[in-house]
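Enquirer: This is the structure, below, for whatever I ask next.
In full-length UniProt numbering, the protein residues as written are 1 to 518.
Okay, structure coming up:
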C-alpha cells in the first residue's frame, strides 16, 4: 500500500450511526416503497446482521459482495457488513453475469448476497467466483429475516480501524475485469464530515436515493446523510414522474442526481407544475454538466441552487462549483474542495496556471489502492519532489487566474486532428446551445487526411436534418474544430451511473463509417 497523506482522526461512520440510534431511536432512518425503519430498529437489525456474519466466520476486512437493486434491505446489509468490521463489495447490476463473477473472484469475497432478479444469471458461475453454493444467499426482506432469526441484537465486540477497508468499488470498465478501488473507513468518514459541515447536513436532512447503491455517487451522499443523522428514502429504480411525485410529497432537503437525470426531469412536460421548493442543496456528479444545462437548472429550478462536484472514486481530485454563486463560471467544474491540493502536470512537471495538462490531486480522502493491482496503482500515481503521492485523474484541463478548473477531456479521448489537439468539451459546449439539441457527445472518427476528425453524436428535441446542426455549429467553431458529421441517436450508451460511454460511440462510428471522412 502506498503512503498516504497525514490526516487527523475522524469518528468512524458506524460509531456515529450508533450514537444517533441512542439519541433518536424513534426517528425514521431509511425507507423505501415497502417499509420504513427507525434509527432504533435499524441499529438492532444491523447488530443482528453483523453477529450473523461473524457467526458465519466473517472476520475483520473480509469482503462480502452484494448484487441487488436498491432497497432498505440492501442498506441494512451494507451497514451490518461494516459493523462486523468487514468490507462491502457492491456489484453493478448493469454488468454481465460473467463480469460480476470475475469481480467476485478478484475481490476474494467470502460471501455473496444476490436478489432473485440477478440470481439466475450469477448462480451457474459459482465455480468462477471461487465460492460454494452455501456461500451465496438471497438478498430480500424475508431471507434477511431468516438470516438473523434468533440472533442477539446487542453490538458485537469488533473494533475496526480507520485504515481498514470500508468498500471495494469496481470501476465501470467495458472490457476485461474492471479495477477494484479500495476505500478505507477513514476515507468515507472524512468525506462525510467535510460535506456535512460544508453544506449543513443534520438530523433534519432528508434525501432521495435514486441512483444505484452500487455506485460511488450514491454511497457518497447516502453515508453522509446517515452520518449526519438524517433520513434517506430509497427508490428501487429512477423514473422521471415517480421522482417528481416523490419529491413533491416527501419534501427532501438535499439530493444528488447525475446529469442525465437532470436533463430528463427538466424535459418532463409538467415539470413546472411540481412543487420542489423544499430543497436546500441540489448536487450533481458522476459526469460533467454542460454550461447550458447548468443555466437551465438555475433558471427553471432555482430551489437549492446547484453544486456540481467533479472528482473520482479513487479520490485525491475533487472540485466543487456552486453554480448559483458563480454564474460567470458555468463552463468550469469549480475550485478544489478544502484540503485538496490540485495541480496540472505536463511531461512530469507542474504547469503554471493557464497551461493545459493532466489534472492530479492529493487529499485526506484517497483510495488505498487498486485491489490486487500494485502496478496499476503506481501508474495512477504521481510523486512530487518530497515524495508525496498525488492521484492522476486521466483528465485534461487547466486552472484559470481565479482558481477555477476548466475540464477539457479525458486524456484518452482527446481528438488529434492534423496535429492539433481538439477538446470535445469545447465543441459540445457550442453544439449544446442549439435549441433542438437535448444532448451531445463529440468523439474522434478516423480521417484519411487528418488522422482523426470530430463527429457529434446528438439526441434531438425535434426532427431536424443533422446537416443543419453541423453547419450551424461549424459557423461558430474554429477551423481545426469543425465537425465532420452529426449522427442522431435515440439514446447514447451509458455507464450504470449515466456517464456517456464515448469508447462505445467511437467504435460504432468507426464501424459504420470507417475512414470515409476526408
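C-beta: ideal position from N, C-alpha, C; glycine also.
Please report the straight-line C-alpha distance between residue 309 and residue 315, rounded to a whole angstrom.
Expert: The count along the chain shown starts at 1 and reaches residue 309 at position 309. The count along the chain shown starts at 1 and reaches residue 315 at position 315. Between residue 309 and residue 315, the C-alpha separation is close to 12 Å.
Enquirer: For residue 71, does the count of other Cβ atoms within 10 angstroms reach 16, so buried, or fall short, so exposed?
Expert: Locating residue 71 in the chain shown gives position 71, where the first residue counts as 1. Residue 71 is buried by the Cβ-count criterion.
Enquirer: As a quick exercise: from 235, 201 and 194, pick the residue whose alpha carbon is nearest that of residue 209.
Expert: Taking the chain shown and counting its residues from 1, one reaches residue 209 at position 209. Of the listed residues, the one whose Cα sits closest to residue 209 is 235.
Enquirer: Considering only residues of the same chain and omitting the five flanking positions on each side of residue 144, which have a CB-CB separation below 6 Å?
Expert: By one-based count along the chain shown, residue 144 stands at place 144. Counting only Cβ-Cβ distances below 6 Å, and skipping sequence neighbours, we find 73.
Enquirer: Given 8 Å as the limit, is there contact between the region 331-338 and the region 401-409, that is, 3 or more CB pairs closer than that?
Expert: The region 331-338 vs the region 401-409: in contact.
Enquirer: Less than 8 Å separating the beta-carbons of residue 12 and residue 162?
Expert: Indexing the chain shown from 1 puts residue 12 at position 12. Indexing the chain shown from 1 puts residue 162 at position 162. Contact: yes.
Enquirer: Buried or exposed: where does residue 44 fall if 16 or more other Cβ atoms within 10 Å of its Cβ makes it buried?
Expert: Here residue 44 refers to the residue found at position 44 when the chain shown is read from its first residue. Per the 10 Å Cβ criterion, buried.
Enquirer: Which stretch, first to last residue, makes up the beta strand (DSSP E) that contains residue 66?
Expert: Looking up residue 66 in the chain shown gives position 66. Start and end: 63-67.
Enquirer: Starting from residue 415 and walking both ways along the beta strand (DSSP E), at which residues does that stretch end?
Expert: The sequence position of residue 415 within the chain shown is 415, counting from 1. Residues 415-417.
Enquirer: Using 8 Å as the threshold, is the region 497-510 in touch with the region 432-450, meaning 3 or more CB pairs across them?
Expert: Verdict: yes, contact present.
Enquirer: Under 7 Å: does the beta carbon of residue 69 sit that close to some heavy atom of the ligand SAM?
Expert: Ligands displayed in this structure: none; no statement on the ligand SAM is therefore possible.
Enquirer: Let me confirm a value: residue 247 is counted as buried when at least 16 other C-beta atoms fall within 10 Å, else exposed. Which label applies?
Expert: Here residue 247 is taken as the residue at index 247 of the chain shown, counted from 1. Flag for residue 247 reads buried.
Enquirer: Three or more beta-carbon pairs under 8 Å between the region 270-282 and the region 225-239, yes or no?
Expert: Touching, no.
Enquirer: Taking Cβ positions, are residue 298 and residue 324 nearer each other than 8 Å?
Expert: Along the chain shown, read from residue 1 onward, the residue named residue 298 stands at position 298. Along the chain shown, read from residue 1 onward, the residue named residue 324 stands at position 324. Yes, these two residues count as a Cβ contact at 8 Å.
Enquirer: Who are the near neighbours of residue 490 in its chain, counting only those whose CB is closer than 8 Å to its CB and skipping five residues on each side?
Expert: The sequence position of residue 490 within the chain shown is 490, counting from 1. 459.
Enquirer: For the alpha helix (DSSP H) containing residue 97, list its first residue and its last residue.
Expert: Taking the first residue of the chain shown as 1, we reach residue 97 at position 97. First-last of the alpha helix (DSSP H) with residue 97: 97-107.
Enquirer: What first and last residue would you give for the beta strand (DSSP E) that runs through residue 361?
Expert: The residue given as residue 361 occupies position 361 in the chain shown. Residues 357-362.
Enquirer: What whole-angstrom Cβ distance do residue 68 and residue 89 have, given they're in contact under 8 Å?
Expert: Indexing the chain shown from 1 puts residue 68 at position 68. Indexing the chain shown from 1 puts residue 89 at position 89. Incorrect: roughly 12 Å between the Cβ atoms, too far for contact.
Enquirer: Short check: CB of residue 522 to CB of residue 437, under 8 Å?
Expert: No answer is possible for residue 522: it lies beyond the span of the chain, which begins at 1 and ends at 518.
Enquirer: Which first and last residues belong to the alpha helix (DSSP H) in which residue 187 is found?
Expert: Looking up residue 187 in the chain shown gives position 187. Here the alpha helix (DSSP H) through residue 187 covers 185-199.
Enquirer: Looking only at its chain, what residues have a beta carbon closer than 7 Å to the beta carbon of residue 108, apart from the 5 residues adjacent to it on each side?
Expert: For the purposes of this step, residue 108 is taken as residue 108 along the chain shown, with counting starting at 1. So the qualifying residues of the chain are 63.
Enquirer: What is the DSSP secondary structure of residue 270, reduced to helix, strand or coil?
Expert: Counting from one through the chain shown, the residue named residue 270 turns up at place 270. Reduced to three states, the DSSP call for residue 270 is coil.
Enquirer: May I ask you to report which of helix, strand or coil DSSP gives residue 137?
Expert: For the purposes of this step, residue 137 is taken as residue 137 along the chain shown, with counting starting at 1. Three-state result, residue 137: strand.
Enquirer: Taking the alpha helix (DSSP H) that residue 365 falls in, what are its first and last residues?
Expert: Sequence index remark: in the chain shown, residue 365 carries index 365 (1-based). First-last for residue 365: undefined, no H or E at that position.
Enquirer: Just to confirm before moving on: does the CB-CB distance between residue 200 and residue 182 stay below 8 Å?
Expert: For the purposes of this step, residue 200 is taken as the residue at position 200 of the chain shown. For the purposes of this step, residue 182 is taken as the residue at position 182 of the chain shown. No, the pair does not count as a contact, with Cβ atoms beyond the cut-off.
Enquirer: Using a Cβ-Cβ cutoff of less than 6 Å, which residues in the same chain neighbour residue 170 once the five nearest sequence positions on both sides are dropped?
Expert: Numbered from 1 along the chain shown, position 170 holds the residue referred to as residue 170. Result list for residue 170: 103, 178 and 180, in chain order.
Enquirer: Would residue 175 be called buried (16 or more neighbouring beta carbons within 10 Å of its own) or exposed?
Expert: On the chain shown, position 175 is the one that residue 175 refers to. Note that residue 175 scores a pLDDT of 44, beneath 50, so its modelled location is shaky; the value from the coordinates is reported in the next line. Residue 175 is exposed by the Cβ-count criterion.
Enquirer: Does residue 383 pass the burial test, meaning 16 or more other C-beta atoms within 10 Å, or should it be called exposed?
Expert: As a first step, residue 383 must be located in the chain shown, where it is residue number 383. It is exposed - the Cβ of residue 383 has fewer than 16 other Cβ atoms within 10 Å.
Enquirer: DSSP three-state call for residue 507: helix, strand or coil?
Expert: As a position in the chain shown, residue 507 is number 507, starting the count at 1. It is helical.
Enquirer: Skipping 5 residues on each side, what residues in its chain have a beta carbon closer than 6 Å to that of residue 515?
Expert: Working through the chain shown from its first residue, we reach residue 515 at position 515. 446 and 448.
Enquirer: Please look up how many angstroms separate the CB atoms of residue 192 and residue 224, rounded, as I've assumed it's under 8 Å.
Expert: Position 192 of the chain shown, counting from 1, holds the residue named residue 192. Position 224 of the chain shown, counting from 1, holds the residue named residue 224. Yes, they are in contact, since the Cβ atoms of residue 192 and residue 224 sit about 4 Å apart, within 8 Å.
Enquirer: Express the C-alpha separation of residue 294 and residue 26 in angstroms, rounding to a whole number.
Expert: Sequence index remark: in the chain shown, residue 26 carries index 26 (1-based). Sequence index remark: in the chain shown, residue 294 carries index 294 (1-based). Cα-Cα distance, rounded: 39 Å.
Enquirer: Roughly how many angstroms lie between the CA atoms of residue 243 and residue 254, to the nearest whole one?
Expert: Against the chain shown, residue 243 aligns to sequence position 243. Against the chain shown, residue 254 aligns to sequence position 254. Distance between the alpha carbons of residue 243 and residue 254 is about 14 Å.
Enquirer: DSSP has residue 520 in a bridge; who is on the other side?
Expert: The chain is shown only over 1 to 518; residue 520 falls outside these bounds and no answer can be derived.
Enquirer: Pairing CB atoms from the region 475-490 with CB atoms from the region 420-432, are three or more of them under 8 Å?
Expert: The region 475-490 is in contact with the region 420-432.
Enquirer: Using beta-carbon positions only, say whether residue 358 and residue 396 come within less than 8 Å of one another.
Expert: Start at 1 with the first residue of the chain shown, and residue 358 comes out as number 358. Start at 1 with the first residue of the chain shown, and residue 396 comes out as number 396. The answer is yes: Cβ separation under 8 Å.
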